[in-house]
Amino acid sequence: MKKPPKIFISYSHDSEEHKEWVLTLATKLVCDGVDVLLDQWDLPLGSNLTKFMEQGLTNSERVLVICTDNYNAKANIGTGGVGYEKNILTSELMVSQDSKKFIPCIRGVSGSVKTPICLASRTYIEFSNDIDFEDNYKFLLHELHDVPLKKKPKLGDNPFLLIDEEKSTVCDVEFPAGENSSTFFSERFAAAFPGVRGIEWFTEPSVAVERLRLLLKYPIKFAGYSPIWWWRDGDLHIDELTVLSSNTVQLGRQELIIDEVVAVNIGAYWQQFLYVKTSPSVPSCFFDISRIDAQIENWGYAYEEYADFNGVLIRREEYDDGAAVIDGKVVNLNGEAKLIEKFLTPYNFIIAPNDSPINNHIFDSRRVEVLNAILKQEMTVEDLAKEVLTLPKRNWK
């Protein structure tokens, strides 16, 4: 059985009311398994006061320092028993500056500095408001018994980085024998959205990004084949998803601020798909804001393209020309610039397997109409799902 923690309470006799509060705190701690050394019951008449203070401060595992205006003042100028205890306390801190032995407990300090100068850098616990006493007492009790209220979770994998080995070998991986894109997508869908039957929304961006990461984790590109695609005005296979932050991902050249993800599973497994909606990005210095209305009229959303060349942003036209003017000089890009596409208004698209019935030329124009209507709140994801259910099944790869 673990030995009860032994503590010493250092405080000033400000008033009978304050002494009674300290006694109540000490009594409660003893009843909760803490061995408390307190002058009110451990210092009988005729005892050696300085010895009591020295042994209490030195031999105890932890020391509760009850900070009041009076205590702080006496400690700072070094008067009385408080001043004597401060000298002992300071000498211990000089020997071990990383010590957690001394716990300041704030009880009605009026100034902005809550502790004596010698404890100014230490974290403290507030006991000034009696309404919050029980919550703060619980926190203190956990600390004294070395049982943290909040346990640090196990360190996970970095979601923002891909393993170099995976990047270098991804095209050499063969697509699993006996699989087709629909069965592959369905397995990934189940792992990323377990338990989803019907339509389920994920509207917390960080949660939505995590689910996307699970769906599109390595490997999603195989030797000569990419089983998962995205659809909007056109269609394109997905080779890689990079998580940039808790709400932002890179999908190909598109930098997307994720607003919500909707998992759709209302038919057969080969009819499953994901609806993704994004939030607007901030325009770059290159973009002409006056173009937004015209873009929305033409496509239902607005976007811009520019490139990043070793941390320097350059215009799309310079990217196309393979050279850019940087600091007044023409610089050859040598194919090292990376094209970036951002959406300046809400945007949406679909993720599904290559063999999905969505991959049907007769649905291309209708798909755009429905997605634009959803952005305008004239249709819903449920309406999209119903239309997908009417599309014929494709022949599998």
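Taking full-length UniProt numbering, I'd label the letters of the sequence shown as residues 1 to 397.
Even for Gly, the Cβ is constructed at its ideal location relative to N, Cα and C.
Since this is a predicted model, take the numbers as computed values, not measurements.
In the DSSP secondary-structure assignment, Y275 is bridged to V262 and I350. Secondary structure at V173: coil, using DSSP grouped into helix, strand and coil. Taking all protein chains shown into account, A294 has fewer than 16 neighbouring C-beta atoms within 10 Å of its C-beta and is therefore exposed. A straight-line Cα-Cα distance of about 9 Å links V370 and V381.
When the five nearest sequence neighbours on each side are left out, the beta carbons in the same chain lying within less than 7 Å of the beta carbon of R315 are those of F286 and Y306, in order along the chain. K100 is the residue among K100, N129 and L141 whose C-alpha sits nearest the C-alpha of S121.
V63 carries a strand assignment under DSSP once its states are collapsed to helix, strand and coil. If you ignore the 5 residues before and after Y84, its C-beta comes within less than 7 Å of the C-beta of T50 and M53, all in its own chain and listed in chain order. Residue pairing by DSSP places F343 opposite Y303 in a beta bridge. In this chain, the beta strand (DSSP E) harbouring K6 covers K6 to S10. Judged by beta-carbon spacing, C67 lies beyond the 8 Å limit of V36, meaning their Cβ atoms are not closer than that value.
Under the three-state reduction of DSSP output, I131 falls in the helix class. Within the same chain, I106, R107, G108 and V109 come within 8 Å of S128 by CB-CB distance, once the 5 residues on both sides are set aside. Between I358 and W231, the gap from beta carbon to beta carbon is short of 8 Å.
The segment 169-254 is shown to contain whole beta strand (DSSP E) runs of 3 or more residues at 198-202, 228-231, 235-237, 241-243 and 248-251, in chain order. Secondary structure at D327: coil, using DSSP grouped into helix, strand and coil. In this structure D364 is not in contact with R394, their Cβ atoms being roughly 14 Å apart against a cut-off of 8 Å.
The continuous beta strand (DSSP E) containing L37 extends over residues D35 to L37.
Contact annotation: Y301 and T345 have beta-carbon atoms nearer than 8 Å. Going by beta carbons, T278 and D308 fall outside the 8 Å limit. For the pair E20 and I103, the Cα-to-Cα distance works out to about 20 Å. CA-to-CA, the gap between Y303 and E255 works out to about 11 Å.
Of all alpha-carbon atoms in F273, A268 and L155, the one lying nearest the alpha-carbon of W201 is that of F273. In this structure, the beta-carbon distance from L57 to I9 does not fall below 8 Å.
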